[in-house]
Ligand code: 2P0
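In the numbering used here, the protein residues as written are 9 to 331.
Here it is in structure tokens:
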């Protein structure tokens, strides 16, 4: 049987940054994200008697040794769950407006979990699929679902899963990704968060910050209060990045363009244009706003950035099976 699935990436409004169990990928905290329509991965999986090992092609290219090990271990989990003993042929295509920078392990492992499970004949609920995706990459747990999604940290494999808060948004939350640097990052999320957990003296406070922010964020979502959502997300992101600066050795994903862009968003706010920012494990800035303000924000950003550096991203759906 062939499984073919499309999954979208997501941006966290309350961030995941640290694993309690790095084998099962059980995080220290809950997290909450928005799935985006514009960035996605399509993956096809087929198990076959003819193969002597798993085969992976991403955007037409074979994967390197390190990724092969990670991916073949992931497929072995699907074999364990299903009883299938064959190896798989996996082909994956990333759809991003610009060739690099926002390609994400979130959409990749969400698509692979669902396509792999289907190809293996497993009939899993989406909650179960989110647990499978989690073993590939933490943020992939949330990409099984569309719209606003919560990942319950849990304490073991069964209790750590994602759940939708609002799959189809009934208010105007939107993001603009500002692409400042689309090169591969120097510090991977995996090693960055590991270093923070091991060395930042502020990590215990971060766990409290997230618990508090989850409550505030869910309240703001209930009230469809985009300014409040933006404010909470912005501060949460900055507190995550403060952890990186407080690690030993200290590191940051920001570059000088990132800092200038943050200043620019502050300037826009001072001019009365409501918008906020968030940042992930890289220098690119994502602007959070109400779609009714999109044209004003874009107009202001186009003074500073080239047109192809700005990508408007709308809330997107969860996994979709393709025939
Ligand atoms: C997040 N990020 O909540 C956070 C915020 C980036 C910054 O999850 O090690 O690729 O595979 O679980 O999920 C990116 O890290 O890391 C991430 P692993 P992942 O979206």
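All residues carry an ideal CB built from backbone N, CA and C; glycine is no exception.
| query | result |
| --- | --- |
| Separation of residue 51 from residue 167, as counted between CA atoms | 27 Å |
| Closer than 7 Å: residue 327 CB and nearest the ligand 2P0 heavy atom | no |
| For residue 298, the residue or residues it bridges with in DSSP | 181 |
| Check: residue 146 C-beta below 7 Å from any heavy atom of the ligand 2P0 | yes |
| Residue 106 to residue 186 span [Cα, whole Å] | Because the pLDDT of residue 106 is 48, which lies under 50, any placement of that residue in the model is unreliable, and the question is left without a value. |
| Contacting residues, own chain, Cβ-Cβ under 7 Å from residue 254 (five flanking each side not counted) | 208, 209, 210 |
| Beta-carbon proximity check, residue 96 vs residue 118, cutoff 8 Å | no |
| Where the alpha helix (DSSP H) containing residue 337 begins and where it ends | Since the first and last residues shown for the chain are 9 and 331, residue 337 lies out of range. |
| Residue 214 Cβ short of 7 Å to the ligand 2P0 heavy atom set | no |
| Start-end ranges of the beta strand (DSSP E) lying completely within the region 107–190, minimum 3 residues | 156–160, 169–174, 181–186 |
| Backbone secondary structure at residue 193 - three-state DSSP | coil |
| Beta-carbon proximity check, residue 43 vs residue 18, cutoff 8 Å | yes |
| Reference residue 193; option with closest CA among 261, 247, 182, 161 | 261 |
| Beta carbon of residue 98 nearer than 8 Å to that of residue 140 | no |
| Distance cut-off 7 Å: residue 208 Cβ against heavy atoms of the ligand 2P0 | no |
| Selection from 156, 279, 241, 27 that minimises the alpha carbon distance to residue 163 | 27 |
| Backbone CA spacing between residue 145 and residue 226 [nearest angstrom] | 24 Å |
| For residue 157 and residue 120, the rounded distance between their alpha carbons | 19 Å |
| Residue 203 versus 12, 297, 248, residue with shortest Cα-Cα distance | 248 |
| Within 8 Å, strictly: CB atoms of residue 222 and residue 22 | yes |
| Residue from 12, 302, 143, 329 with nearest C-alpha to residue 85 | 143 |
| Any non-hydrogen atom of the ligand 2P0 within 7 Å of residue 288 CB | yes |
| Within the region 18–101, ranges of the alpha helix (DSSP H) (whole runs, at least 4 residues) | 73–90 |
| Backbone secondary structure at residue 242 - three-state DSSP | helix |
| Simplified DSSP assignment, three categories, for residue 331 | coil |
| Any non-hydrogen atom of the ligand 2P0 within 7 Å of residue 121 CB | no |
| Sub-8 Å separation of residue 289 and residue 197 beta-carbons | yes |
| Under the three-state DSSP convention, the category residue 232 falls into | coil |
| Among 114, 318, 237, 215, nearest to residue 224 - alpha-carbon criterion | 237 |
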